[in-house]
Amino acid sequence: MRKLIYGMNLTLDGYVAAVGDDLGWSGPPSEELFGWWLEYEQAIGLSLYGRKLWEAMSSYWPTGDEQPGATPAQVAFARNWRETPKVVFSSTLDEVGWNSRLVTGDAVEEIARLKAQDGGPMTIGGATLAGAALRAGLIDEYVIVTHPVLIGGGTPFFAALDGWVTVDLVQTRTFPGGVVLTRYTVRR
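Next comes the structure, spelled out in structure tokens:
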């Protein structure tokens with residue numbers, strides 16, 4: 018059975034995007050933080066995306082290694098992004114590319130099916146998609162990279178829940194600029 022990990026950058030007040038899907042608050046990551054995200058992504062066997070995050074990632078990373086001034090870590094990230102199998106959940110997209118397949122049906126059912134298979138860990142990205150998996154009890158681990166900024170509104174990292182979820186802290190790390198990584202596993 019695969020592990021499902023929900024990890025994203027978020028603000029101190031708990032948002033993954035400001036109003037209007039603005040991500041400007043996160044700025045470019047430090048070299049150290051980008052390197053950590055690269056190692057994290059290289060350990061993943063399958064990436065699950067909601068539409069908005071898919072559109073953001075697929076607008077840059079397919080050719081991220083060809084951009085002027087791309088660092089060795091950015092080149093490695095782009096190559097890894099292209100090579101990692103991806104599943105995109107959307108009822109509005111007609112097609113996806115870049116080693117991806119589109120699912121237009123029941124996301125929770127498909128995530129549960131994928132999770133029951135053998136293979137490396139899966140990541141889930143996009144607050145709406147992750148919220149559905151969270152409410153269904155499918156997430157095993159949370160990776161929260163908190164940036165020291167308050168934005169007052171937008172897309173929250175956590176969805177409303179029907180009950181409590183108890184977690185255990187397994188890692189903390191501070192990066193330049195006061196960015197803090199916390200990693201939690203769900204207690205079952």
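Numbering (the numbering used here), first residue to last: 18 to 205. Where a beta carbon is used, it is the ideal one built from N, C-alpha and C, also for glycine.
Exercise. Kindly provide the ranges of any beta strand (DSSP E) runs that are 3 or more residues long and lie completely inside the region 50-119, ordered along the chain.
Key: Qualifying beta strand (DSSP E) stretches, in chain order: 63-67 and 103-106.
Exercise. Look up residue 128 in the DSSP assignment and say whether it is helix, strand or coil.
Key: Numbered from its first residue, the sequence shown carries residue 128 at position 111. DSSP, read as helix, strand or coil, puts residue 128 in helix.
Quiz item: Three or more beta-carbon pairs under 8 Å between the region 150-158 and the region 126-141, yes or no?
Solution: Enough Cβ pairs lie closer than 8 Å, so yes.
Quiz item: Taking Cβ to Cβ, would you say residue 128 is nearer than 8 Å to residue 178?
Solution: The sequence position of residue 128 within the sequence shown is 111, counting from 1. The sequence position of residue 178 within the sequence shown is 161, counting from 1. No.
Practice problem: Give the single residue among 95, 186, 75 and 145 whose Cα lies nearest to the Cα of residue 51. | Solution: Indexing the sequence shown from 1 puts residue 51 at position 34. Nearest to residue 51 by C-alpha distance, out of 95, 186, 75 and 145, is 95.
Practice problem: State the start and end residues of the unbroken beta strand (DSSP E) segment that holds residue 34. | Solution: Here residue 34 refers to the residue found at position 17 when the sequence shown is read from its first residue. For residue 34, the enclosing beta strand (DSSP E) begins and ends at 32-34.
Quiz item: With a CB to CB cut of under 8 Å and the five nearest residues on each side skipped, what residues in its chain are close to residue 60?
Solution: For the purposes of this step, residue 60 is taken as the residue at position 43 of the sequence shown. Cβ neighbours of residue 60 beyond the five flanking positions: 137 and 138.
Quiz item: Taking Cβ positions, are residue 187 and residue 164 nearer each other than 8 Å?
Solution: Residue 187 sits at position 170 when you count from the first residue of the sequence shown. Residue 164 sits at position 147 when you count from the first residue of the sequence shown. Their beta carbons are not under 8 Å apart, which means residue 187 does not touch residue 164 by this criterion.
Practice problem: Would you check if the distance between the CB atom of residue 42 and the CB atom of residue 166 is smaller than 8 Å? | Solution: Indexing the sequence shown from 1 puts residue 42 at position 25. Indexing the sequence shown from 1 puts residue 166 at position 149. With a cutoff of 8 Å on beta-carbon distance, residue 42 and residue 166 are scored as near each other.
Quiz item: Are residue 125 and residue 104 close, meaning C-beta to C-beta below 8 Å?
Solution: Here residue 125 corresponds to residue number 108 of the sequence shown, with the count starting at 1. Here residue 104 corresponds to residue number 87 of the sequence shown, with the count starting at 1. For residue 125 and residue 104, no; Cβs fall outside 8 Å.
Quiz item: Ordered along the chain, which non-local residues of its own chain (more than five positions away) have a Cβ less than 6 Å from that of residue 98?
Solution: To locate residue 98, count along the sequence shown from 1; it is residue 81. Same-chain partners within the cutoff: 78.
Quiz prompt | Pair within 8 Å by beta-carbon distance, residue 67 and residue 146 | solution = As a working mapping, residue 67 is identified with position 50 in the sequence shown. As a working mapping, residue 146 is identified with position 129 in the sequence shown. Result yes, Cβ atoms of residue 67 and residue 146 sit closer than 8 Å.
Exercise. Could you check the C-alpha separation between residue 169 and residue 115 for me, to the nearest Å?
Key: Locating residue 169 in the sequence shown gives position 152, where the first residue counts as 1. Locating residue 115 in the sequence shown gives position 98, where the first residue counts as 1. Rounded to whole angstroms, residue 169 to residue 115 spans 35 Å at the Cα level.
Quiz item: So, is residue 130 buried or exposed, given that buried needs 16 or more other C-beta atoms within 10 angstroms?
Solution: The sequence position of residue 130 within the sequence shown is 113, counting from 1. With fewer than 16 Cβ atoms within 10 Å of its Cβ, residue 130 is classed as exposed.
Exercise. Look at the alpha carbon of residue 113 and the alpha carbon of residue 56, and state the distance between them as a whole number of angstroms.
Key: In the sequence shown, counting from the first residue as 1, residue 113 sits at position 96. In the sequence shown, counting from the first residue as 1, residue 56 sits at position 39. The alpha-carbon separation between residue 113 and residue 56 amounts to approximately 25 Å.
Quiz item: Who pairs with residue 158 in a beta bridge, going by DSSP?
Solution: Within the sequence shown, residue 158 is the residue found at index 141, counting from 1. According to DSSP, which records beta bridges pairwise, residue 158 is partnered with 22 and 202.
Exercise. Please specify which runs of the alpha helix (DSSP H), each continuous and at least 4 residues long, are wholly inside the region 140-186, giving them in chain order.
Key: Under the rule that a run must span 4 or more residues, the alpha helix (DSSP H) segments found entirely inside the region 140-186 read 144-152.
Self-check item: Reference residue 183, options 198, 191 and 203, closest by Cα
Solution: Reading the sequence shown from its first residue, position 166 is the one you call residue 183. Checked all of 198, 191 and 203; the closest Cα to residue 183 is 203.
Quiz item: Quick one: what does DSSP say residue 135 is sitting in, helix, strand or coil?
Solution: The residue you call residue 135 lines up with position 118 of the sequence shown. The answer is coil: DSSP assigns residue 135 none of H, G, I, E or B.
Exercise. Report the three-state DSSP secondary structure of residue 39 (helix, strand or coil).
Key: Reading the sequence shown from its first residue, position 22 is the one you call residue 39. It is a strand residue.
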